[in-house]
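Notes follow once the structure below has been shown.
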Amino acid sequence: EAGVTQFPSHSVIEKGQTVTLRCDPISGHDNLYWYRRVMGKEIKFLLHFVKESKQDESGMPNNRFLAERTGGTYSTLKVQPAELEDSGVYFCASSQGLYYNEQFFGPGTRLTVL
Amino acid sequence: GQQVMQIPQYQHVQEGEDFTTYCNSSTTLSNIQWYKQRPGGHPVFLIQLVKSGEVKKQKRLTFQFGEAKKNSSLHITATQTTDVGTYFCAALSNTGKLIFGQGTTLQVKP
Chain G
16 EAGVTQFPSH
26 SVIEKGQTVT
36 LRCDPISGHD
46 NLYWYRRVMG
56 KEIKFLLHFV
66 KESKQDESGM
76 PNNRFLAERT
86 GGTYSTLKVQ
96 PAELEDSGVY
106 FCASSQGLYY
116 NEQFFGPGTR
126 LTVL
Chain H
2 GQQVMQIPQY
12 QHVQEGEDFT
22 TYCNSSTTLS
32 NIQWYKQRPG
42 GHPVFLIQLV
52 KSGEVKKQKR
62 LTFQFGEAKK
72 NSSLHITATQ
82 TTDVGTYFCA
92 ALSNTGKLIF
102 GQGTTLQVKP
């Protein structure tokens with residue numbers, strides 16, 4: 016069974032530019048999560064999709080971040096315009112059920128904003 | 002909002018020594034999960050604890066959930082170089098999101 020995949024693995028952009036991250040969850044997983052780890056700090060929740068619906072987007076930092084999951088399959092996270100503090104590793108995770116289930120993390124996208 | 006505090010932030014041990022990381026919450030947790038992230042890698046699920054006072058073992062790893070369900074610990078006996086990485090505890094909220102502790106980065110000197 017294929018795991019969670021993310022693209023790109025690395026992205027280096029300049030402040031003010033736009034970047035789109037993509038996540039393909041494990042097939043059949045309705046739950047898809049985005050997390051971010053900044054500068055070696057804790058991993059912080061960004062948002063949660065159940066199929067194509069946003070279940071919880073309380074962790075989204077501001078309106079420069081836009082996440083979509085059209086069709087309930089893969090998801091994209093767009094940052095526009097990017098700021099220096101957006102640098103970090105963005106992880107996507109998926110799970111089958113909501114409660115008491117492990118979340119399977121993707122390899123992450125390392126975003127560097129210069 | 003709910004927070005999970007984890008200590009220590011770093012731990013350097015000699016191979017063969019034991020290692021423990023601790024997590025605390027000011028509120029009662031429904032469950033707690035533990036993840037390991039190898040250097041340059043991604044978090045990988047280790048275990049989930051649900052019951053008050055629960056103790057689970059995986060080879061040299063022992064996980065505990067406090068009686069009040071407000072704290073948890075991970076203990077590694079006789080560390081090996083393969084244990085290197087960052088260990089995170091995470092509380093699963095009632096909406097399904099994980100609330101991570103700050104992580105403990107373990108370095109093992111051979």
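Residue numbers (our numbering), protein chains in the order written: chain G, 16 to 129; chain H, 2 to 111. The beta-carbon is built from N, C-alpha and C at its ideal position, and this holds for glycine as well. What you are looking at is a predicted structure, and each value in this text was computed from that prediction instead of being measured.
- Membership of Y50/G in the beta strand (DSSP E) is indicated by the continuous run N46 to R52.
- Ranked by Cα distance from G123/G, the options H43/H, S26/H and Q3/H are led by H43/H.
- By the C-beta criterion, the region 69-87 of chain G is judged not to be in contact with the region 14-33 of chain H, since fewer than 3 inter-stretch pairs fall below 8 Å.
- Non-local C-beta neighbours of P111/H in its own chain, meaning closer than 7 Å and more than five positions away in sequence, comprise E16 and T82, ordered along the chain.
- It is roughly 43 Å from the alpha-carbon of K71/H to the alpha-carbon of E29/G.
- Assigned with DSSP and collapsed to three states, G42/H falls in coil, not helix or strand.
- Under the Cβ distance rule, P23/G does not count among the residues neighbouring chain H, no pair being separated by less than 9 Å.
- The region 16-85 of chain H is shown to contain whole beta strand (DSSP E) runs of 3 or more residues at 20-26, 33-38, 44-50, 56-59, 62-66 and 72-77, in chain order.
- Excluding residues up to 5 positions away in sequence, Q34 and Y36 lie with their Cβ nearer than 7 Å to the Cβ of F46/H in the same chain.
- The contact set of P122/G on chain H, defined by CB atoms closer than 7 Å, consists of H43 in chain order.
- F60/G reaches chain H at S94, K98, L99, I100 and F101, counting residues in chain order whose Cβ is nearer than 9 Å.
- If you compare the alpha carbons of Y89/G, F119/G, A82/G and V104/G with that of Q95/G, the shortest gap goes to A82/G.
- The beta carbon of N32/H sits closer than 7 Å to the beta carbons of Q49, L50, V51 and L93 from its chain, once the five residues preceding and following it are set aside; these are given in chain order.
- For the region 46-73 of chain H, the residues whose beta carbon sits under 8 Å from a beta carbon of chain G are, in order, F46, Q49 and V51.
- DSSP places T85/G in the helix class (H, G or I) of the three-state scheme.
- E57/G is not a Cβ neighbour of G86/H, given a cutoff of 9 Å.
- DSSP links L107/H through a beta bridge to Q12/H and G86/H.
- At a cut-off of 9 Å between beta carbons, G104/H contacts chain G.
- Residue contact check for A79/H against chain G: no CB pair falls below 9 Å.
- The beta carbon of Y36/H sits closer than 9 Å to some beta carbon of chain G.
- The straight-line gap separating the alpha-carbon atoms of N116/G and H13/H is approximately 32 Å.
- Sequence-ordered contacts of the region 62-73 of chain G with chain H read H63, Q70 and D71 [C-beta pairs closer than 7 Å].
- Take F22/G, set aside five residues on each side of it, and the residues of its chain with a beta-carbon closer than 6 Å to its own are R37, in chain order.
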